[in-house]
Each structure stands twice: as C-alpha cells, then as structure tokens.
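The numbers in the numbering used here rise by one with no breaks, and the one at position 232 of the sequence shown is 220.
Built from N, CA and C at the ideal position, the CB exists for glycine as well.
Following: one structure in structure tokens, then a few remarks.
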Amino acid sequence: MYTPSQFNVQNGSLQSPLKWLWKYYNYYKDCKLVSSNIIEDEKPELVISDEDFASLTIAQEQKIPTVLITDILETRFARGIGSLIEKRMNYSMKKIMKKCDVIILPENGQDKENIRYVGPIVRATRYTREDLREKFSFNKKTIVVSIGGTDAGKFLIQKVLAAFPKLKDDVKLVIVTGPSLKSEFAKNIRNFVFVENLHEIIYAADLVISLAGKSTIDESKAYGTPGIFIPIKGHFEQEDNAKQEGFSFEDIN
-11 MYTPSQFNVQ NGSLQSPLKW LWKYYNYYKD CKLVSSNIIE DEKPELVISD EDFASLTIAQ
49 EQKIPTVLIT DILETRFARG IGSLIEKRMN YSMKKIMKKC DVIILPENGQ DKENIRYVGP
109 IVRATRYTRE DLREKFSFNK KTIVVSIGGT DAGKFLIQKV LAAFPKLKDD VKLVIVTGPS
169 LKSEFAKNIR NFVFVENLHE IIYAADLVIS LAGKSTIDES KAYGTPGIFI PIKGHFEQED
229 NAKQEGFSFE DIN
C-alpha cells in the first residue's frame, strides 16, 4: 500500500540522511492521502499503527482512538544544520504520539504516561528446533545471513562471503537476500530470496549474522541462537541495537 524511500547505503554507511528525511516527509504527505481515503471508506472505531504516523494523524483529526506500536520515540539521523530540521520533525512526531491513547513499546521498562512496555514481540513456532533443521535441510553446522527486505545490507553479505572460505570447520552458509537484491552465489551456498518464516530459520540456525534490526535480534535471543549483529553506519537505531549486544560497524573492518 505504501512504498517508502529506501536508505542510500554505500559500503555499509548511510549516505545523505537529510535527503532521506526530506523524501520521508513527502512520503508521509502521500500516505496521509491514502490513509484519509481508507478511513473515510472503512470508518474504523480504532486505528492501530505500526510506526505509520500518517494514519494516526488522520484518525486523531477525526477523534478516532489510536494505538501506536513503535520501538523508537525519536530519530537521530542528521548532523549539523540538518539536525535542526530533524529536531522540528521530532517535535511534530512527539505531538502525534502524545495524542495516542496507547503507545506499545516492545522493550522492557517501566510504563509512563501513555507508554506501555510489553517486552520483545517475537513470532511463535509450533515446531522444535530439530523439526526445523530437518525441514530446511540444515544437516550440518549452519550460518544464516539475513539483511532484511532491501539491498542496504549488501555490504554485510560481501564481508561474509570474503570470510567464509577461511573457515576450517565443515559449515553450511545460508543467505537470505530478500527480493530486492539479485545475486548469484557459489554452489555450496544456499540462497533464500524470500521467506515468510524467517523466525523459524533463525531458530534452526547455529549462528545468525544480520543487520542490527530489533526484530532479528529479539528473535535470535528468544530462540537461543547466537548472533553477530552489524549496524549500518550512521543508522542511529541499528547502532543503538548493536551497541547493546556488544557490536559495532567497525567489527567487520
């Protein structure tokens, strides 16, 4: 329904964050039009949003109760003069959040005002780890590399591919590229272009190497799968997530 602007990442570093913020602002305005049409047609009694502020704005204008699910309360992408623009955007975002009836934060913490800390939100599976290893043919030690649904993590795949031949153990490498990254790999490397059950692949793996996205980190920890989590340099949220787990962008250089 929405097509947000993708991050411009070169060699693992976020480029032109201010330009991305401007594109996001225009994207937000477009989303308001879409949300307005949907709310007008459906006439909901409650709007629950997963970090979609456009639908929240329209709903609040019409006095419809709103619930926001988010793991960030502000952004910190820009530097210098650009940070002043971002500060203004954060101010507007916080006004929207303050009007929400409930904000659900998938972290551990103490509730305050309209914020409810519910702990990590992790997808469940009815299979055992052994069942999943058989399902995915993980018949030896298996490393899973996951970069999300965009090509922003291409640098991480390249680093893993360079290091993989140096491993002395008999290990299987599985790369989940997502549909936006078209790549061909050696015959001894498995490539999953798109999966609906990434959480089960994480559960079945012996090691996960991933961008430092919160969902992947939370699922790896919940399932007891060791992980290496590398952030995009300059992506504040991923850098914060990685730091909490003891990693940084410099770990791969």
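Counting along the chain, where does the beta strand (DSSP E) carrying Y105 start and finish?
-> 103 to 105
Give the DSSP bridge partners of R178, in chain order.
-> V162
In the DSSP assignment, find the unbroken alpha helix (DSSP H) run with D89 in it and report its ends.
-> First-last for D89: undefined, no H or E at that position.
In DSSP terms, what G215 is bridged to = V196
Count the other CB atoms within 10 Å of the CB of N229; is the residue buried (16 or more) or exposed (fewer)?
-> buried
DSSP-derived helix/strand/coil call for T130 | Here T130 sits in strand by DSSP.
Straight-line Cα distance separating K175 from L61 | Rounded to the nearest angstrom, the gap between the Cα atoms of L61 and K175 is 44 Å.
Give every residue of the same chain whose Cβ lies closer than 7 Å to the Cβ of L169, excluding the five residues on either side of it in the sequence, and list them in chain order.
-> D139, K142
Whether E207 touches I190 by CB criterion (7 Å) | yes
Check Q48 in the structure and name its three-state DSSP category.
-> helix
Since V148 is in the alpha helix (DSSP H), which residue starts that stretch and which ends it?
-> 142 to 151
Enumerate in chain order the residues of its own chain whose CB-to-CB distance from S55 is below 8 Å, with the five nearest sequence positions on each side excluded.
-> Sequence check: residue 55 is Val here, not Ser. Result list for V55: L34, V35, I36, S37, C88, D89, V90, I91, I92, in chain order.
By a C-beta neighbour count over all protein chains shown, 10 Å radius and 16 as the cutoff for buried, is Q(-2) buried or exposed?
-> exposed
Same chain, Cβ closer than 8 Å to H187, five either side skipped, listed in chain order = V110, R111, T113, E207, Y211
Touch check for the region 116 to 134 and the region 95 to 107: three-plus C-beta pairs under 8 Å?
-> Under the 8 Å Cβ criterion, the region 116 to 134 does not count as touching the region 95 to 107, having fewer than three qualifying pairs.
Which partner residues does S1 have in the DSSP bridge list?
-> Q(-2), K221
What residues are listed by DSSP as bridge partners for D38?
-> Its beta-bridge partners are I57.
Unbroken alpha helix (DSSP H) run spanning R117, endpoints = 117 to 123
Let me know the secondary structure DSSP gives K154 once reduced to three states.
-> helix
With distances taken between CB atoms, is the gap from A200 to T213 smaller than 7 Å?
-> The Cβ-Cβ distance between A200 and T213 does not fall below 7 Å.
Run the CB neighbour count on D239, radius 10 Å, all protein chains shown included, and call it buried at 16 or more, exposed below.
-> exposed
Compute the distance between the beta-carbons of L195 and I177, then report whether it is under 7 Å.
-> no
Does the region 148 to 162 touch the region 16 to 25, meaning 3 or more C-beta pairs lie closer than 8 Å?
-> no
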